[in-house]
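A short worksheet on the structure shown next.
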Amino acid sequence: METKSLTCVVCPQGCAIEAHTEGGRIISISGNKCKRGESYARTELTDPRRTLTTTMRVEGGALVSVKTKGTVPKDAMLDCMKAINAAETKAPVEIGDVLIRNILGLGVDIVATSRVKGV
Ligand code: SF4
6 METKSLTCVV CPQGCAIEAH TEGGRIISIS GNKCKRGESY ARTELTDPRR TLTTTMRVEG
66 GALVSVKTKG TVPKDAMLDC MKAINAAETK APVEIGDVLI RNILGLGVDI VATSRVKGV
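For the sequence shown, the working numbering gives the first residue as 6, with consecutive numbering after it.
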């Protein structure tokens, strides 16, 4: 049996969760104070996902802060960063504008989280 220690990040309590697995199968989950922690641990063990926040270049030299609208698989984070770093958008940019639609075919858009005025 294998034991994996996780810290639940769903709420500020940050429960220390222990998950026991055997042959890749989850046998038990403990330490969570609520069901959301169990769900978090199951997802973290089977399909870990993250929200990505970074910046994107704007034509003319400015940067706009962006994030994924939803989560992407943890193992796709680096490729998403590369795709965002290779992209460039034009001002003006408004908060919520979709700057990359369906990044890498993952079904998640990259949206602006700051404004950039036009010239
Ligand atoms: S298990 Fe529940 S109470 Fe504990 S950190 Fe996660 S969401 Fe919060």
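Quick reminder that beta carbons are idealized off the backbone N, C-alpha and C, glycines included.
- Within the same chain, THR48, THR76, VAL77, PRO78 and LYS79 come within 8 Å of ARG54 by CB-CB distance, once the 5 residues on both sides are set aside.
- The straight-line gap separating the alpha-carbon atoms of SER33 and ARG120 is approximately 46 Å.
- The residue among LYS38, LYS9, MET6 and ALA24 with its C-alpha nearest the C-alpha of PRO17 is LYS38.
- When the five nearest sequence neighbours on each side are left out, the beta carbons in the same chain lying within less than 6 Å of the beta carbon of LEU68 are those of THR60, in order along the chain.
- The DSSP-derived three-state label of SER10 is strand.
- Here the distance from the Cβ of LYS9 to the nearest heavy atom of the ligand SF4 is not below 7 Å.
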